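Sequences listed follow chains L and W, in order.
In terms of the working numbering, the first sequence opens at residue 1 and continues consecutively.
In terms of the working numbering, the second sequence opens at residue 99 and continues consecutively.
From the three backbone atoms N, C-alpha and C, an ideal C-beta is built for every residue, glycine too.
Just so we're clear, the structure is a prediction, and the values are computed from it rather than from any experiment.
See structure below.
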Amino acid sequence: PGLLEPTSTLVRVAKSASTLGIAIEGGANTRQPLPRIVTIQRGGSAHNCGQLKVGQVILEVNGVPLRGREHRDAAQLIAEAFKTKERDHVDFLVTEFN
Amino acid sequence: REKRLTLPPSEITLL
Chain L
1 PGLLEPTSTL VRVAKSASTL GIAIEGGANT RQPLPRIVTI QRGGSAHNCG QLKVGQVILE
61 VNGVPLRGRE HRDAAQLIAE AFKTKERDHV DFLVTEFN
Chain W
99 REKRLTLPPS EITLL
């Protein structure tokens, strides 16, 4: 995963706060085919992590590719990855390249 | 590319 995306970065976000704290736009069949981070909320887990940035495009969540998933499906996948108690972190594969 | 221009904007979801 990610080998064909030379600019991609794996970011592990610890569940350090009660919310993930990102807003995303995009998904299959929209102008932005992969979800893009549009906001990072102060005090959220993503902000605490310090490695996610506004403008990054999310390629994978916990190794699951987002390509081809519509917005709600992608959002639900991310929400569930944050909610599950199986892991104390969420892994994002992100790229600056849009 | 023309097709891309006709695609709708996405909604935004806060997670």
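- In this structure, L/Asp91 is the residue among L/Gly55, L/Thr95, L/Asp91 with its C-alpha nearest to the C-alpha of L/Cys49.
- Following the DSSP letters along the chain, one finds W/Ser108 in no beta strand (DSSP E), marked with neither H nor E.
- If you keep only unbroken beta strand (DSSP E) runs of at least 3 residues inside the stretch 16-51 of chain L, you get 22-25, 36-40.
- DSSP, reduced to helix, strand and coil, places L/Glu96 outside both helices and strands of the structure shown, so it counts as coil.
- A Cβ-Cβ contact shorter than 8 angstroms links L/Val13 with L/Ala46.
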